[in-house]
Every structure is written in C-alpha cells, then in structure tokens.
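What follows is a set of notes on a single structure, which appears directly below.
Residue numbers (my numbering): -7 to 406.
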C-alpha cells in the first residue's frame, strides 16, 4: 500500500505596502503607544523649509526617530537642539512610505523642567494672591521719553537689536545701559543690582529689561522672587521683553508692559519718530480748532451781553432821570435844612452873647476882686480895710472895705 502524497499550503506573500499598513494598524490599535513620554538625547535635528523639525531621540542603547510638526513647534517653549536632554510627549506610529516607526511629538520639555514648572506655578500663584500682578498697579508709559535705561547683556544680539530699533524709531532718546548676566545661577542677583543702579539715575523716564529666548532653565533668573519685587519697586515704568513670544516669565507679569521680544520692547517704549511731524500737525490742528471754538463762544457771549445792555438802555434813561430828580430834591431839602440850622445857630450866638460877662457888665453889674486877684462872691471873703478892684463896663474902680454887710442878694438889691 502506497501512501497518498501530503497537500502543501503555500505561504502568504505580503506586498510591502500591505505589510507596512498592517504594522501601522497594529501600532495605532495599541492604546499604550497613543500617549507616551520618552526621555532621551536629541541628535541630528533638522529644520527644513516646511517648518517641521526632524530629529533622533537616543539613549546609550537605542534610538527612535521623531518629528515635531510646524504647529507644535510654534507652541513649544524649547526647540530641539543637538545634545539637549528632552522629555518628548506624543504617540508612536508607523510611517508607511518608508516602513519605519517614529515618535510623533506634541510637546517637549527639558529634563528636570517638571520641577521648575511646578516651582514657577507655585510662586506665580502666591505673588498673584498678594496682588502684585494686578492691572491696577500698572503704570502708563511716558509718551515722549527722553532717557531710557536698559538692563541686558552687553554681549549678543539683544542690545544691538534694541539700539537699532530705537535709532530708527526715536533717535533723540538717550540710552543708559546697565549691563548684567542674564543666564545661570548669577543671573538673578546680577539683574537686581543692574536694576537698582538704574533706579539711582536722575531724569530716567523708563526701564527696559530684556534677554533672548531659551529654555526654562535659561530664563530662570527672570522667575526669581526678588527680581520680581525689584521690578515692582521701580520708580519709573518698566517694559520687560524676554525670549520669544511663547516665553513668559514672572518678571513679565510684574512689568508695567510686557513685550514678546526685546525688539518689541524697544518698539513699545518709544513713539515712531517718523510720525512726529504728522502728530505735531494734528496737535496743532486740534489746538487751533479748540482756540477757534473758544473765541467763537466768547464772541457770542459778548454779543449776547451787548444785546442785553441795549435792551436795558430805556430803563437806564428812566433811572437816570429819576436819580436826577431825587438828587435835586435832596439838594433843596439839604439847603433848606442848612439855612434853618444857620439861623438857629445865630440865635444861640445872640443868646450866648447876652449872657456873656461883657453884656452883663453893660447892664450895670460889676466884678469885685481882692488885691490877690480873687473874685469876691461872698462878703465873708473880705474884711474891713481890704483893698478891692471893682470892674465895671467901662473900666475899674479901686476902693477899700469899710464895713461888711452879709445877707441875701434879694434883700440887698431890694
């Protein structure tokens, strides 16, 4: 008996695209790979014109390709640079055309930045609770600053960018640089000293605090609590321009104005000098309009008062006539009163003269005086043998007392 031949099964032959599609489906179905955090060192980053970033994330034993698309890259607080230690958050997927799997990155943070972010948020919340970031504390920037202080590193593009912007926009402003370190452990105390040096400068109108972009570690000096409080203590308004638009430090919250970049800080700090002639013309036009309006209003007011005075003229004429009549009557009454009083005074004068000593003597009376000049009013004031002088109307008679007769005047005259 001979054995029947065994039926053989042919193996499935995959097309490359089908296999890659199958692998991609398996990866997409794995929920654990849809939300992963991967730590590694950046190697070979590239930034093509598309705006995406391609790099390799590796450790000592392995590596994985990674991509950060343009939208996510614009929101990232740090850019992947060669040798940087990053924690990348995203999902793992297969890229079918090339048959590779890679990490599609949604966000990146430096290794150890999680602790710094926690410190940042805790300090921000505490200072905000104190009211240090309230909008009510913000001061308006001077419209025409004459002297601006700048706190930044004298080495690098930031200082040059600020000078370029200010020379272009407002060349008449004077700049005072207070140099400082802006990165590392010495940055915070150096920034504080640089700010305080400027606070002692006379006639300073504004301060700009600036540096370029960087990681949270690079910018940490601008998150120092004492730096924040020193910014708040500024005697003049402060503009802070640190990093890129996505970089926001606690010094930004404390500033009177925040700018997204150092160049933008310079733009904010001064008016556009090229617009000054137009601004001055508009101001002159507004002043002329206001002055004309005031003159028109004053003219109308004067004309109104003039019309009111014209309407009062008949009343004034009548009042003038009545005043003249009253004055005439008053004059006549006063004159008559004066004449009556003159006659009365003359009568009193006649009466006084009639009662005077001369008229009395002329009526036959006499005045007797002793030799010592004393006028005799009582007989007891003389004695027999005293010499007397008797004054009468036309002269005097000298006599000597022979006898004294005391008695009442009526008896003696009767």
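Backbone N, C-alpha and C fix where the C-beta goes; we use that ideal spot for every residue, glycine too.
Here the structure is a predicted model, which means the values were calculated and not measured.
First and last residue of the uninterrupted beta strand (DSSP E) at residue i
i	result
residue 174	No beta strand (DSSP E) contains residue 174, which DSSP labels as neither H nor E.
residue 24	Premise fails: residue 24 is in no beta strand (DSSP E) and is neither H nor E.
residue 144	139 to 144
residue 202	198 to 203
Euclidean distance between Cα positions of residue i and residue j
i	j	result
residue 162	residue 125	30 Å
residue 384	residue 336	31 Å
residue 316	residue 322	10 Å
residue 364	residue 356	24 Å
residue 240	residue 180	16 Å
residue 276	residue 42	51 Å
residue 311	residue 299	19 Å
residue 9	residue 93	14 Å
residue 138	residue 116	33 Å
residue 76	residue 252	24 Å
residue 55	residue 96	14 Å
Host alpha helix (DSSP H) of residue i (start-end)
i	result
residue 94	Residue 94 -> not in any alpha helix (DSSP H); beta strand (DSSP E) instead, spanning 92 to 102.
residue 17	8 to 21
residue 159	149 to 161
CB contact flag (residue i, residue j, <8 Å)
i	j	result
residue 201	residue 232	yes
residue 210	residue 175	yes
residue 171	residue 198	no
residue 63	residue 82	no
residue 29	residue 70	no
residue 183	residue 148	no
residue 35	residue 46	no
residue 196	residue 168	yes
residue 378	residue 393	yes
residue 374	residue 382	no
residue 145	residue 221	no
residue 258	residue 133	no
residue 108	residue 208	yes
residue 118	residue 20	no
Start-end ranges of the beta strand (DSSP E) lying completely within the segment 27 to 87, minimum 3 residues: The qualifying runs are 28 to 38, 45 to 50, 55 to 60, 77 to 87.
Entirely enclosed alpha helix (DSSP H) segments - the segment 336 to 391, minimum 4 residues: Within the segment 336 to 391, the complete alpha helix (DSSP H) runs of at least 4 residues are 349 to 354.
Inter-stretch contact at 8 Å, needing at least 3 Cβ pairs: the segment 79 to 99 / the segment 177 to 188: Output reads no: the segment 177 to 188 does not touch the segment 79 to 99.
Sequence ranges, beta strand (DSSP E) only - wholly within the segment 224 to 266, length at least 3: Those beta strand (DSSP E) runs which fall completely within the segment 224 to 266 and span 3+ residues are 230 to 234, 249 to 251.
Cβ contact (3+ pairs, closer than 8 Å) linking the segment 108 to 128 and the segment 233 to 248: The segment 108 to 128, when compared against the segment 233 to 248, does touch it at the 8 Å Cβ threshold.
Length-filtered (4 minimum) alpha helix (DSSP H) runs lying within the segment 103 to 139: Fully enclosed alpha helix (DSSP H) runs of 4 or longer: 105 to 121.
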